[in-house]
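Participant:
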Amino acid sequence: MMCYFIDNPLKDKKLSYIWIVFICQLSDTMSGLTRLNPSPVWQYFEEICKIPRLSKNEGRIREYIIDIAQKNNLESKEDKIGNILITKPSHSEMENRKTVVLQCHMDMVGEKNADHPHDWLNDPIIPKIAGEWVTANGTTLGADDGIGIAAQLAVLSDNNLKAGKIECLFTVDEESGMTGAVNMKADFFTGRLLLNLDSEDEGILYIGCAGGMDTIGTINYKSEPVPVGSEALEISVTGLHGGHSGDEIHKGYGNSIKIMNRILRNLSNHYRISLSNFDGGNLRNAIPREAFATIVVKKSSVLQVKNHLDDFQKTIIKEFGDLEKDLKISAKDTDLPRFKMDRKSQDGLLSSLTCCPHGAIAWSKEMVDLVETSTNLASVKFTEDNTIKIVTTQRSSIDSSKRDAAVMVEACLKLAGAKVEHSRGYPGWKPNMDSEILKIARNSYKKLFGKEPSVRAIHAGLECGLLYEKFKGIDMISFGPTIRGAHTPEEKIEIRTAGMFWDLLLDILNNIPVLR
Ligand SMILES: [Zn+2]
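Anchor point for the sequence shown: position 266 equals 266 in the working numbering, and the numbering is continuous, going up by one each time.
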């Protein structure tokens, strides 16, 4: 608890005491993290909040981490890309244990409310306690993965820790492409039991993740002048749920591009419409929430087209029902564009988007409720020089299935004469229910909390996929405290679960088996 000694306006001694208590409580509500349990973890977390550390700007956090290693007389090394490894020798009674690797990422995502001034390269994050949670003031908190960094630093500086040799790995640039893990050499660490501290649900031990890749199509079309006597309409599809293309792909939410394409195809079956713009979706890893298209029709058909659209949109909205209750489809008059797409290209585009899959493709045979393979039709945009760019993302915990989904999407895009490219992507981490480290973690969890933890895989990417591919024979789990709203200014971490996370980590470290 911190107390500020400031001028006391009250001369009476008793009132003076009350004044100091008041000021102490006030300072506590300003941060007060250090009085939370486990205190070493929260102390480090508070320090880390002061250090700007956006992806690709990790210089200062790297210095801080190395400094902690030096203060504790621990051996540390850095590789070319900027990953750090700090080694803590074993306790004298634990020398024959297997080496454990602890892993977190040192960067964070910077998101803030539009009206909140924050300089991401210089300003500290201001954490605050809000009931059962710690959150930040108008910005992301950086508990993803600041709590992992804090826990590793607390382990490194705990002189009484009874554990074998520990290698603490701090990777760079996880949030903007995992380039730290991608470029790590396969001899950077020696341990083959790894605890990844970058997941966000207390009570769940993660044992697998999906790999991913992008498939991108580019279509060149001919533009033609808009005929005299035409009018233009802008159609919009808005209000969809959207969501993360890994975590929420199976929930059946509407894809604005698919809905828009369906509308355009339906209209073109009844009227002669010409497309002059299509703009749907945004981020490659988000399910598209909005789409806009500009069509050109004969002046005499405008009213009929509007009426037809009005009927058809009722059908679509009814299909989604309560799942997409804010879905809105509308058309309004707009300025007449000078050019439109040639008919052959337009037919090709609409056919190709009709065929192009979106959503879950296969479910895991080993794990209930886990999407194994999926694809996200992420964005379609008309760009300059008469080109259309279509971005899609495929994910799977099985590499060959991921590539098969990409080939399927490629075939669809080629219907429109698209030139198709695939990104190199990143590998998945296949679940292993017989994992040794899983058994240890499960036993620790049951012993500490008197219940079974859930064991799950996620249909999103973790650095574990890359480590799994690179470090042959590695045995891993991922766990963490409960964090909600990661990557948004609403990010918060549940205080109680940070304590559980720490207790579990220590107990696992204490129960690492003897080398055979
Ligand atoms: Zn993270």
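From the three backbone atoms N, C-alpha and C, an ideal C-beta is built for every residue, glycine too.
Keep in mind the model is a prediction, meaning the values are calculated, not measured.
With a threshold of 6 Å, establish whether the CB of residue 507 neighbours any heavy atom of ligand 1.
Facilitator: No.
Participant: Judging by CA-CA distance, which residue of 254, 130, 509 and 285 is the nearest neighbour of residue 158?
Facilitator: The candidate whose alpha carbon is nearest that of residue 158 is 509.
Participant: Going along the chain, which residues of its own chain have a beta-carbon closer than 6 Å to the beta-carbon of residue 317, five neighbours each way excluded?
Facilitator: These residues qualify, in order along the chain: 327.
Participant: Taking residue 331 as part of the beta strand (DSSP E), name the residues at either end of that continuous run.
Facilitator: From DSSP, the beta strand (DSSP E) with residue 331 extends over 328-334.
Participant: Quick one: is the Cβ of residue 145 within less than 6 Å of any heavy atom of ligand 1?
Facilitator: It does: the Cβ of residue 145 is within 6 Å (strictly closer) of some heavy atom of ligand 1.
Participant: Ligand 1 and residue 214: does any heavy atom of the ligand fall closer than 6 Å to the residue's C-beta?
Facilitator: No, Cβ of residue 214 sits at least 6 Å from all heavy atoms of ligand 1.
Participant: Our contact map puts residue 352 next to residue 406 with C-beta atoms below 8 Å; I'd like the distance itself, whole angstroms only.
Facilitator: About 15 Å separates the two Cβ atoms, so there is no contact after all.
Participant: Do you know whose CA, among 388, 380 and 372, lies nearest residue 394's CA?
Facilitator: Out of 388, 380 and 372, 372 has the C-alpha closest to the C-alpha of residue 394.
Participant: Could you check if residue 67 belongs to the surroundings of ligand 1, using beta carbon to heavy atom distance under 6 Å?
Facilitator: Not so, every heavy atom of ligand 1 lies at least 6 Å from the Cβ.
Participant: Can you list, in chain order, the residues of its chain whose CB lies under 6 Å from that of residue 229, leaving out five sequence neighbours each side?
Facilitator: Counting only Cβ-Cβ distances below 6 Å, and skipping sequence neighbours, we find 299.
Participant: Please state the DSSP three-state secondary structure of residue 106.
Facilitator: Here residue 106 sits in coil by DSSP.
Participant: Would you mind listing the beta strand (DSSP E) stretches within the stretch 275-333 that are 3+ residues and don't spill past its ends, in chain order?
Facilitator: The qualifying runs are 291-298.
Participant: Give the secondary structure of residue 408 by DSSP, where H, G and I count as helix, E and B as strand, and everything else as coil.
Facilitator: Residue 408: helix per DSSP, three-state reduction.
Participant: Just to confirm before moving on: does the CB-CB distance between residue 329 and residue 237 stay below 7 Å?
Facilitator: Yes, these two residues count as a Cβ contact at 7 Å.
Participant: Name the residue from 491, 404, 49 and 162 whose alpha carbon lies nearest to the alpha carbon of residue 122.
Facilitator: Comparing Cα-Cα distances from residue 122 to each of 491, 404, 49 and 162, the minimum goes to 49.
Participant: Does the distance from the C-beta atom of residue 489 to that of residue 208 stay below 7 Å?
Facilitator: Not closer than 7 Å, so no.
Participant: Just tell me which of 287, 57, 411 and 86 has its CA closest to the CA of residue 67.
Facilitator: The option with the nearest alpha carbon to residue 67 is 86.
Participant: If you follow the alpha helix (DSSP H) that residue 260 is in, where does it begin and where does it stop?
Facilitator: 256-270 is the extent of the alpha helix (DSSP H) around residue 260.
Participant: Output the distance between the C-alpha atoms of residue 484 and residue 378, rounded to the nearest integer angstrom.
Facilitator: The straight-line gap from Cα to Cα measures roughly 24 Å.
Participant: Can you check DSSP and say which residues form a bridge with residue 454?
Facilitator: 204.
Participant: Taking the alpha carbon of residue 413 as the point to measure from, which residue in 425, 390 and 403 has its own alpha carbon closest?
Facilitator: Ranking 425, 390 and 403 by Cα distance to residue 413 puts 390 first.
Participant: Report all residues from its chain with a CB closer than 7 Å to the CB of residue 265; omit the five preceding and five following residues, and keep chain order.
Facilitator: Correct list, in chain order: 350 and 354.
Participant: Just verifying my parser: in three-state terms, what is the DSSP assignment at residue 210?
Facilitator: Reduced to three states, the DSSP call for residue 210 is coil.
Participant: Once DSSP output is grouped into helix, strand and coil, what is the label at residue 44?
Facilitator: Helix.
Participant: Which of helix, strand or coil does DSSP assign to residue 143?
Facilitator: If DSSP states are grouped into helix, strand and coil, residue 143 belongs with the helices.
Participant: What ranges does the beta strand (DSSP E) occupy inside the stretch 226-255, keeping only unbroken runs of at least 3 residues that lie completely in it?
Facilitator: Here the runs fully enclosed are 230-238.
Participant: So, at 8 Å on beta carbons, what are the nonlocal neighbours of residue 82 in its own chain, with the 5 sequence-adjacent residues on each side left out?
Facilitator: Hits under 8 Å: 58, 62, 172, 173 and 180.
Participant: According to DSSP, which residues form a beta bridge with residue 376?
Facilitator: Paired residues: 393.
Participant: For residue 164, collect the residues of the same chain with a Cβ closer than 6 Å to its Cβ; drop the 5 residues on either side in sequence, then sort them by chain order.
Facilitator: Correct list, in chain order: 90, 94, 97 and 512.
Participant: Inspect the beta-carbon positions of residue 226 and residue 340 and report whether they are closer than 7 Å.
Facilitator: Cβ distance < 7 Å, so residue 226 and residue 340 count as in contact.
Participant: Can residue 285 and residue 256 be called in contact, C-beta distance under 7 Å?
Facilitator: Contact: no.
Participant: Please return the same chain residues whose Cβ sits closer than 6 Å to the Cβ of residue 420, not counting the five positions on each side in sequence.
Facilitator: Closer than 6 Å at Cβ, skipping near neighbours: 217, 410 and 413.
Participant: Ignoring anything shorter than 4 residues, give me the alpha helix (DSSP H) runs that lie fully in the stretch 143-196, in order along the chain.
Facilitator: As far as the stretch 143-196 is concerned, its whole alpha helix (DSSP H) runs of at least 4 residues are 143-156 and 179-183.
Participant: If you follow the beta strand (DSSP E) that residue 135 is in, where does it begin and where does it stop?
Facilitator: Element bounds for residue 135: 133-136.
Participant: Is residue 347 close to ligand 1? I mean its beta-carbon at under 6 Å from any heavy atom of the ligand.
Facilitator: Residue 347: no, Cβ never under 6 Å from ligand 1.
Participant: Just to confirm before moving on: does the CB-CB distance between residue 107 and residue 47 stay below 7 Å?
Facilitator: For residue 107 and residue 47, no; Cβs fall outside 7 Å.
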